[in-house]
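Protein sequences appear in the order of chains A and B. Here the first sequence stands for residues 0 to 501, numbered as in numbering that gives the first Met the number 0. Here the second sequence stands for residues 0 to 501, numbered as in numbering that gives the first Met the number 0. Ideal Cβ placement from N, Cα and C applies to all residues, glycine included. The structure presented is a predicted model; accordingly, all values stated were derived computationally and were not measured.
There are 2 protein chains.
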Amino acid sequence: MEPLAELQKHFAEIHNLNQASAVLGWDQRVCMPPRGAEARASQLATLAKLAHELFVSPETRDLLLAAEEKGNSLPADSDEAATLRRVRRDFDKADKLPSSLVVEMTEVCSLAEEHWANARKENNYAAFAPWLTRILDLKRQYVQAMGIPAGRVLYDVLLDDYEEAMTAHTLDPLFAELKAATIPLLEVIKAHGDVVDPGIATRECDEKLQEEFCRRVLKECGYDFDRGRLDRAVHPFCTNFSQNDVRITTRFDPHWFAGAFSSCLHEMGHAFYEMNIAPKYEATPLAGGVSLGVHESQSRLWENFVGRSRPFWQHYYPQLQKTFPAAYGNVPLESYYAAVNRVTPSFIRTEADELTYNLHIILRYEMEQELLNKKLSVSDAPAAWNDKMKRYLGLTPPTDREGILQDIHWSGGGIGYFPTYTLGNILGAQLFAAATRALPGLQGEISQGKFSSLFEWLRENVHQHGRKYVPRDLIRRATGQPLTLAPYLTYLRTKFTEIYKL
Amino acid sequence: MEPLAELQKHFAEIHNLNQASAVLGWDQRVCMPPRGAEARASQLATLAKLAHELFVSPETRDLLLAAEEKGNSLPADSDEAATLRRVRRDFDKADKLPSSLVVEMTEVCSLAEEHWANARKENNYAAFAPWLTRILDLKRQYVQAMGIPAGRVLYDVLLDDYEEAMTAHTLDPLFAELKAATIPLLEVIKAHGDVVDPGIATRECDEKLQEEFCRRVLKECGYDFDRGRLDRAVHPFCTNFSQNDVRITTRFDPHWFAGAFSSCLHEMGHAFYEMNIAPKYEATPLAGGVSLGVHESQSRLWENFVGRSRPFWQHYYPQLQKTFPAAYGNVPLESYYAAVNRVTPSFIRTEADELTYNLHIILRYEMEQELLNKKLSVSDAPAAWNDKMKRYLGLTPPTDREGILQDIHWSGGGIGYFPTYTLGNILGAQLFAAATRALPGLQGEISQGKFSSLFEWLRENVHQHGRKYVPRDLIRRATGQPLTLAPYLTYLRTKFTEIYKL
């Protein structure tokens, strides 16, 4: 067998272990009975340990070296060269990571997720604090093991795991510009707040009918239930175990249909990415989305640029009225459209509007750096959170449940992850603008409930490539431009100026 | 670390891999979207391969030898000695098995299960036949790898995996005696068949209410939903990923409440066994039920000896009438009791009554041996099946869906498995008779919906021991007797003589 083929066969086993972990993770959040947590943590730890050991084994090193030697003359743009680049990058990272740290991180994070869930339920930050301390400490150990490259900072090492080559140095000015644009816009909107009726979006809608409506729209957008499923989870997520088993979750609330619906479209965007990667990449090092930022661009694109657009609701609103006649039978389309786009400072990130959402992210982005750099202690973190909330959004969370305890990410070890959400918004706008240039009839199609040309454009320009190109190259190929904030700022200003009649 | 402790730590990793496989298996049958099957087969193959490789590794051999050397003077009755006996037995088996055969069996069986499900749906035996051929061939390869011990036959090697030390030589006379007793009893019952109204058990009952009723009874019997869950599956089963995550499934049919209910109690009996093994055995070689026959004795005990008894329905029937007033409001207890115990030859094993059930098993037991020994070809198997059905039960299946395609077992590689069902019936009767001797008030308690002393007796005498004792020793300790058919024959004759007024 050729060295590269051997390397890929070896990699497929590691891939299968990781996919098995993903199944166990999905089950833990969707199905597992409460008492199952302890054994599950141990099972996940074993799978992670074995995957890590197989990956950093002398076998990988030898196969990689042999394949690299043989692959010297491969065209830089070939799948083979991309495969070798990917494996080399990941191998060098994993090679630096002690197996004991992998086990500890997996075990601690799995248990911490359970403790976080209880702490949130009981509004008891003190019960979660020791777990956050342990996780931060493990993250610092991780950075130490990786080493901080010259000219980079501690945080960049964590960021790079989610968004290759991204740095605080790049994000800081991007986020600063966005913040500088958002806060005055928010102030003006607040002054025109009475344009939107806040009661419209919270009208009671039967949960079962909500779910049926969500399922129908998912299907019409192109989500294939033969290759996926929709379930309920406290914190909506998408996960996949192959290109043909890509699952999404949402949560339903009788008084927040728009929340359940947006989560569905959001996770569907993630799912489309994983479902549409070129089949030849399945179970290879090029399988999967290339980065969290690009992934998030896909979820935001469907959730907001499509699912909160006027054309979209021109098509679906009559159906919504028919499904919930008591709630929406007498509400005009324009009022509903404004209501689902209402801008108002709020406590919960996942329920935030498009505009204030980024302020939630910038808050976390700053706090993560302060916590990691020990400029902020874990015990002071709730107060710091509340202080920032007050300064950016003008609100003080009544309890930590609506504050620092709201997100699952830190409990699962996801530090350096949050900024990719706002990066996703920025990239989503950039990609949607490019798609709109390429498909002049797009808005008209959406207003007729037709999504196939957008679906196809995204498949062709983003999805199919999997991990072949680094994010910045993928974006440049798809949009003809480097990462830019301009389309997002234009989108936000245009949309909210129009809705709020500014 | 002591050699035994090291061995157990090593074993715990293998155990975790196997439990992860169990999660993937549960998901495959309960949740997985149809197109996920191919990747799932590959994931299961990797997990099985790695578990096998870890288990047959030089590390296991060395740790086992070191622990055996050190454990020479351990009391024969100690947990430590039992652990070493177990690992030695399993190691010697696994050591003989080529890794390639493990991978192939896992992959073929996983795919064959999907093909069986489709073949059954479409009543297309020809689509399943090549898979059955492959599985039989793999089983013969397996026996060849194991070697047939002196004085044993090919079939014994497969049987031993499910029921340690059991042989066709032991089963043949036992099954012959049971068959000889069953057929004349069945003939007499047929002549008195009009005693029972066959329409009672098929009255329409709302599925949602069926499920609620099942959940309530499960809970009252002692099933802990914090450590398990109930789902739907085509073929009901019980699986566990730890002592604290033991899941059961059933199927609902609006015209067959008794079927759904019996499956629930059946799988609950399996679940009780796994939930009540001594916690000290968790993730050790002594974890889990000792054999399929003993496992089945627990499921049959709850399904039939409890759940089809008059005292049980004296308690639950008024509640059932209240739940389904249209179906049962006017049906007397005695008529319902007779209906759920109705004896009538039928096509589907899982829906068979207590008496004819064993004829279904004996048919499969005979056919498995004929197929393995090539006295019967795969293409002739449906005709052979139908011929035996005619001779034992007086029926000819209208299609293979009601015949040879009905069971999942062969498609999953479970050959040598079926006889443990009837063995379970026999052992269940023997254990229930012993419990009744030890707990003179038992029937009275059951008639008041109290199950705790039976639950506790089983936990004490059977469950807690896990795999510490070989089946025959466990049975002798629990009942004071070796394996005996007498209590089962007495039970069958007494019960049906009374119901059918023979």
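query, result
"Is the beta carbon of residue 281 of chain A sitting closer than 8 Å to the one on residue 347 of chain A?", "no"
"Measure from the alpha carbon of residue 382 of chain A to the alpha carbon of each residue in A/372, A/397, A/371, then state which is nearest.", "A/397"
"By the three-class DSSP mapping on this structure, what secondary structure does residue 239 of chain B have?", "strand"
"Determine, using beta carbons only, whether residue 227 of chain B comes closer than 8 Å to chain A.", "yes"
"Run through DSSP, which three-state label would residue 347 of chain A get?", "coil"
"Could you tell me whether the Cβ of residue 307 of chain A comes closer than 8 Å to any Cβ of chain B?", "no"
"Only counting the same chain, and skipping five residues up and downstream in sequence, which positions put a Cβ closer than 6 Å to that of residue 367 of chain A?", "414"
"Residue 158 of chain B and residue 142 of chain B - do their beta-carbons sit closer together than 8 Å?", "no"
"Kindly examine the ligand FAD and report whether one of its heavy atoms sits closer than 7 Å to the Cβ of residue 132 of chain B.", "In the structure shown, the ligand FAD is absent, as is every other ligand, since no ligand is present at all."
"Provide the residue span of the alpha helix (DSSP H) that contains residue 159 of chain B, from first to last.", "153-161"
"Measuring straight from C-alpha to C-alpha, what distance separates residue 145 of chain A and residue 307 of chain A?", "41 Å"
"My understanding is that residue 276 of chain B touches residue 297 of chain B, with C-beta atoms under 8 Å, so please give their C-beta distance in whole angstroms.", "Wrong, their Cβ atoms sit about 12 Å apart, outside the cutoff."
"Flag this pair as yes or no: are the beta carbons of residue 248 of chain B and residue 24 of chain B separated by less than 8 Å?", "no"
"How far does the beta strand (DSSP E) with residue 248 of chain A in it extend, from its first residue to its last?", "244-249"
"In this structure, how does DSSP classify residue 231 of chain B when only helix, strand and coil are distinguished?", "strand"
"So which residues of chain A does residue 533 of chain B contact, with C-beta pairs closer than 7 Å?", "The displayed coordinates of chain B run from 0 to 501. Any statement about residue 533 of chain B would go beyond what the structure contains."
"Using the Cα positions of residue 161 of chain B and residue 83 of chain B, report the straight-line distance between them to the nearest angstrom.", "19 Å"
"Using a Cβ-Cβ cut-off of less than 9 Å, list which residues of the stretch 33-61 of chain A approach chain B; keep chain order.", "33, 34, 35, 36, 37, 38, 39, 41, 42, 43, 44, 45, 46, 48, 49, 53"
"Where in the stretch 379-410 of chain A do unbroken runs of the alpha helix (DSSP H), each at least 4 residues long, occur, reported from the N-terminal end onward?", "380-392"
"Report the three-state DSSP secondary structure of residue 148 of chain B (helix, strand or coil).", "coil"
"Count the other C-beta atoms from every protein chain shown that fall within 10 angstroms of the C-beta of residue 467 of chain B, then say buried if there are 16 or more, exposed otherwise.", "buried"
"Run down chain B in chain order and give the residues with a C-beta less than 9 Å from the C-beta of residue 145 of chain A.", "Simply none; closest approach about 26 Å."
"Using only the alpha-carbon positions, how far apart do residue 91 of chain B and residue 259 of chain B sit?", "41 Å"
"Indicate the three-state DSSP secondary structure (helix, strand or coil) for residue 97 of chain B in the structure shown.", "coil"
"For the alpha helix (DSSP H) holding residue 1 of chain A, just list the boundary residues, first then last.", "Run containing residue 1 of chain A: none; DSSP gives neither H nor E here."
"Find the residues of chain A that neighbour residue 15 of chain B, judging by a C-beta separation of less than 7 Å, and give them in chain order.", "41, 42, 45"
"Once you ignore the five residues that flank residue 135 of chain A on each side, which residues in its own chain have a CB closer than 8 Å to its CB?", "370, 371, 377, 414"
"Out of B/453, B/489, B/221, state which residue places its alpha-carbon closest to the alpha-carbon of residue 263 of chain B.", "B/221"
"Classify residue 301 of chain A as helix, strand or coil using the three-state DSSP reduction.", "helix"
"Does the Cβ of residue 74 of chain A have 16 or more other Cβ atoms within 10 Å, making it buried, or fewer, making it exposed?", "exposed"
"Run through DSSP, which three-state label would residue 361 of chain B get?", "helix"
"Run through chain B and tell me which residues come within less than 9 Å of residue 240 of chain A, C-beta to C-beta.", "23, 26, 31, 35, 38, 39, 42"
"Can you look up residue 417 of chain B in the DSSP assignment and give me helix, strand or coil?", "coil"
"Comparing C-alpha positions only, which one of B/373, B/295, B/177, B/448 sits nearest to residue 431 of chain B?", "B/295"
"Hey, is residue 106 of chain B's beta-carbon within less than 8 Å of any beta-carbon in chain A?", "no"
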